[in-house]
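In my numbering, the protein residues as written are 183 to 417. Glycine included, C-beta positions come from ideal geometry on N, C-alpha and C.
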């Protein structure tokens, strides 16, 4: 099934109240604001009728528009706090579009701090969504160490204990691989998402990517590591 750009939307959720890394969404990442990479990739992919940024922040809105995104609605206080979920933000945006008579068959939520996302990966996700009739497609990464062999720190003395003692002597290669959300994007069927209110359903599939193709950015060390990875891929 071919793409239908006229019925596809990109939503980039970028609130202004980042605590751990202040102004994270528009902080310079090597040569430009980090959100700029995401906007440019979405526009260059040719997959979407509109690339919009959902924000409550004037500075973020200005940078988004500078790179070619639209900011047709401002995020409400209830979806701009620390506890608001991504799903709640997406529902708000889709409701706002419906209020002005615009609906979309498919949509893509891309996080503003995901500069590793490529047009090819977005196209792969859309092809998978359409040909497989899935609810959502998302990139995932394999945990570098078996989670079945995880340890807990039990008390103030830093004593260690297994989470799953039954796997203490099992060889790593004999344990089932585990994966985690790469924290980059979700491509989803709008009608199904509106009905379920969830991005991860029993009908969600993943695209496995390597550790070099994504980096969760929650602190300064993460930021520096992301820049190092990016420079290795873009010398």
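Check	Outcome
Strand pairing of residue 333, partner residues [DSSP]	344
The segment 350 to 366 in contact with the segment 288 to 304 per 3-pair CB rule at 8 Å	yes
Sub-8 Å separation of residue 295 and residue 401 beta-carbons	no
Rounded C-alpha distance that separates residue 204 from residue 384	36 Å
Residues near residue 387 by beta carbon distance below 6 Å, same chain, minus five either side	316 and 319
Unbroken stretches of the alpha helix (DSSP H), 4 residues or longer, contained in the segment 196 to 249	216 to 227 and 240 to 248
Local Cβ density within 10 Å of residue 247, reported as buried at 16 or more and exposed below that	exposed
Cβ contact (3+ pairs, closer than 8 Å) linking the segment 270 to 287 and the segment 233 to 247	yes
Touching by the beta-carbon criterion (3+ pairs, under 8 Å), the segment 214 to 232 and the segment 321 to 337	no
Close beta carbons around residue 220, own chain, < 7 Å, minus the five adjacent residues each side	194, 292, 294, 296, 297 and 299
Residue 149 - partner residues in DSSP beta bridges	What is shown of the chain runs 183 to 417, which leaves residue 149 out entirely.
Spatial distance of residue 183 from residue 314 (CA atoms)	Confidence in residue 183 is poor, its pLDDT being 40 and thus under 50, which makes the residue's placement unreliable; the coordinate value appears in the next sentence. Distance between the alpha carbons of residue 183 and residue 314 is about 10 Å.
Delimiting residues of the beta strand (DSSP E) encompassing residue 387	386 to 390
Segment limits, alpha helix (DSSP H) that includes residue 404	402 to 415
First and last residue of the uninterrupted alpha helix (DSSP H) at residue 372	372 to 378
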